[in-house]
Amino acid sequence: MAGKGISRREFGKMVGGAGILAPLGAALGPRGPRDPEASRHGGPEGTPYRDLQGAVQDEAFWRTVREKFLVPSDLALLNAANLCPASKPVLEVLEAETRWVDRDPSLPNRRRVGEGRETTRKLLADFLHATPEEIVITRNTSEGNNIVSSGLDLKAGDEVVVVSDNHPSLLGAWQQKAKRFGFIVRVVEQVNPHPGTDYYVDAFAKAMTARTKVVAFSHVTASVGDLFPAKELCRLARERGALSIVDGAQSFGVLDIDLADMQPDFFTGSAHKWPCGPREVGVLYIRKDALPKLSPSIISLYAGATGASTTFEGLGQRDDAAVMAFGEALKLQNAIGRPAVERRSCALAQALIDGLKKIPGVKVWTDADPTRSAAIISFQPGGLNASTLATTLYEKERIAVMARGGADRGGLRVAPHFYNLQAEVERLVGTVGRYMRMT
Ligand SMILES: Cc1ncc(COP(=O)(O)O)c(C=O)c1O
10 MAGKGISRRE FGKMVGGAGI LAPLGAALGP RGPRDPEASR HGGPEGTPYR
60 DLQGAVQDEA FWRTVREKFL VPSDLALLNA ANLCPASKPV LEVLEAETRW
110 VDRDPSLPNR RRVGEGRETT RKLLADFLHA TPEEIVITRN TSEGNNIVSS
160 GLDLKAGDEV VVVSDNHPSL LGAWQQKAKR FGFIVRVVEQ VNPHPGTDYY
210 VDAFAKAMTA RTKVVAFSHV TASVGDLFPA KELCRLARER GALSIVDGAQ
260 SFGVLDIDLA DMQPDFFTGS AHKWPCGPRE VGVLYIRKDA LPKLSPSIIS
310 LYAGATGAST TFEGLGQRDD AAVMAFGEAL KLQNAIGRPA VERRSCALAQ
360 ALIDGLKKIP GVKVWTDADP TRSAAIISFQ PGGLNASTLA TTLYEKERIA
410 VMARGGADRG GLRVAPHFYN LQAEVERLVG TVGRYMRMT
């Protein structure tokens, strides 16, 4: 039974006729339903999606991308929001450079991997539309978020505005430090369904006072995949004299981020999520103007060579082979075309939303509007127990998704990425439909 595929006809029957297939195909066609001009993540307005050297990126093309990963062909890995697989080119660099170091770990021999770190910094700067001086190579998003909350000089009377739906490294971390240093954390509640850009700009504006020093939010939430209006919120913070930190754990490596346009003061991300890089490598962007306002809270050796990295990257002995492999992950996305990666992932998510919505009893939490979501979607499979269903999907159907508990929009979280195929999305929709009909 494991991994048993279904035909398009069977799929159509399972979810109530062929009606679902047309929108699914349309969502994945060359242009897809998303407006490529939509500047929802800070990209320059009017930038068209770039295809690989002008080629139409059809399903055959994406199969070649899929072959760059070790993931077995019968496993529908739809859990990018948790941990992505590193691609074969990344693993090759990781292994080759690790062997280089372990063959001779003496300092002169390691010079090469040290230089490789600076190459990755340059790649990261280009990837994010920043300068190498603004890039710190951290170990993950959590570390980046905490470098910021621990490093700003906040005291009693100061205020920080955060969103309720933040990762602990951006919510609990601020709350813990508020207790210690006496500042106040004000929480803007996340609203379901996503109420839109104007609502959140207004809610932040109301939550901010003359004492607000920092505004902190996730670009895309890990719970239901709500996309926050990053550019608008960063502008609001700037206009009110506050600093902004954008947690990009769920947007970096999937949305075509342009920090020159978004203009946050700090932006964080992890290589092991959407960039499909090695584990325990991440990025912290520190805007040039914000640098003097931040103090390092980890002091050690082996800092980077330029700008912010000379102060904030001295984190002790590093795995420079992994840092080099991070660069390789960015090169793969550049080769495909980053707008194409974004468009593919979002089109798959859109197809999932369309398909799941057609299943009687399924409640999709994520708003399909491309200004309100990216490539994470969340849904409640009717009366089915989400945790049991996730286990069954993995063990019996070879489909990996994530169960999210809790009274607030619990259910299954699905996160497709550029390595997924249309057939995998169809398989998930068809299988959920089949299980729903069994109830
Ligand atoms: C929004 C968000 N921020 C931060 C993190 C932490 O990422 P990491 O574990 O790579 O530090 C996550 C992890 O899922 C996340 O979803």
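If you count the sequence shown from 1, you need to add 9 to reach our numbering.
Beta carbons are placed, not taken as given, at the ideal position from N, Cα and C, and that holds for glycine.
With 16 other Cβ atoms within 10 Å as the buried cut-off, status of residue i
i              : result
proline 177    : exposed
glycine 55     : Low confidence applies here, because glycine 55 scores a pLDDT of 32, under 50, leaving its location unreliable and the question unanswered by this model.
leucine 79     : exposed
asparagine 155 : buried
valine 441     : buried
leucine 209    : In the sequence as presented, leucine is not what sits at residue 209; that position holds tyrosine. It counts as buried.
alanine 360    : buried
glycine 125    : buried
leucine 116    : exposed
glutamate 404  : exposed
threonine 140  : buried
serine 16      : At serine 16, the pLDDT of 31 sits below 50, so the modelled position is not reliable and the matter cannot be decided from this model.
methionine 447 : exposed
lysine 297     : exposed
glutamine 62   : Because glutamine 62 sits at a pLDDT of 46, beneath the cut-off of 50, its placement in the model cannot be relied upon, and the point is left open.
glycine 414    : exposed
arginine 422   : buried
alanine 395    : buried
glutamate 76   : exposed
arginine 108   : exposed
Closest residue to residue i among the options (Cα-Cα distance)
i                 : options                        : result
leucine 236       : Cys243, Asp267, Gly313, His203 : His203
histidine 2       : Gly370, Gly419, Cys355, His228 : Here the chain has residues from 10 to 448 only, and residue 2 is not among them.
glycine 234       : Val438, Val373, Tyr444         : Val373
cysteine 93       : Ala424, Gly420, Met445, Tyr444 : Ala424
valine 145        : Val434, Thr375, Leu300         : Leu300
serine 173        : Ala349, Gly181, Val434         : Gly181
leucine 137       : Lys302, Asp417, Phe276         : Phe276
glutamine 199     : Phe192, Lys186, Ser232, Lys188 : Ser232
glutamate 142     : Ala134, Asn149, Arg148         : Ala134
valine 197        : Asn175, Glu404, Lys77          : Asn175
phenylalanine 261 : Arg130, Gln184, Ala90          : Ala90
glycine 420       : Thr140, Arg407, Val434, Thr397 : Thr397
valine 99         : Arg249, Leu341, Ala225         : Leu341
arginine 249      : Pro238, Lys222, Val229, His228 : Lys222
valine 438        : Arg413, Asp417, Ala409         : Ala409
valine 224        : Phe192, Arg436, Cys243         : Cys243
methionine 445    : Ser382, Lys366, Asp378         : Lys366
glutamate 406     : Asp67, Lys77, Leu87, Arg75     : Leu87
alanine 85        : Ala399, Arg418, Glu337, Asp270 : Ala399
threonine 128     : Glu337, Gly370, Arg418, Leu402 : Glu337
isoleucine 345    : Pro379, Arg130, Pro284         : Pro284
glutamine 185     : Ser82, Thr150, Met411, Ser159  : Ser159
Beta carbon proximity, residue i to chain C, threshold 8 Å
i          : result
serine 115 : In the displayed structure, chain C is absent; only one protein chain is listed.
Residue i CB to nearest heavy atom of ligand 1 below 7 Å
i             : result
leucine 179   : yes
glycine 291   : yes
histidine 426 : no
proline 282   : Looking at the sequence itself, residue 282 is lysine, so the reference to proline does not match. Result yes, Cβ under 7 Å from ligand 1.
asparagine 88 : no
serine 151    : yes
alanine 312   : no
histidine 176 : yes
serine 387    : no
serine 227    : yes
alanine 239   : no
alanine 338   : no
aspartate 256 : yes
serine 115    : no
serine 279    : yes
glutamine 259 : yes
alanine 412   : no
alanine 231   : yes
Does the contact criterion of 3 or more C-beta pairs under 8 Å hold for the stretch 317-336 versus the stretch 388-401? Per the Cβ contact rule, the stretch 317-336 is not in contact with the stretch 388-401 (fewer than 3 Cβ pairs under 8 Å).
I'd like to know if the stretch 418-437 and the stretch 69-77 are in contact, where contact means that at least 3 CB-CB pairs between them fall below 8 Å. They touch, by the three-pair rule.
How about the stretch 305-316 and the stretch 102-114: do they share at least three Cβ pairs that are nearer than 8 Å? No: the two stretches stay apart, fewer than three of their Cβ pairs being nearer than 8 Å.
Given 8 Å as the limit, is there contact between the stretch 324-332 and the stretch 356-367, that is, 3 or more CB pairs closer than that? Too few Cβ pairs lie closer than 8 Å, so no.
Does the stretch 262-273 come close enough to the stretch 333-350 to have 3 or more Cβ pairs within less than 8 Å? A contact exists between the stretch 262-273 and the stretch 333-350.
Quick check: the stretch 120-128 against the stretch 291-305, are there 3 or more CB pairs under 8 Å? Verdict: no, contact absent.
Using 8 Å as the cut-off, can you tell me whether the stretch 206-220 makes contact with the stretch 161-168, which would need three or more C-beta pairs spanning the two stretches below that distance? With a cut-off of 8 Å, the stretch 161-168 and the stretch 206-220 count as touching, because enough Cβ pairs lie within range.
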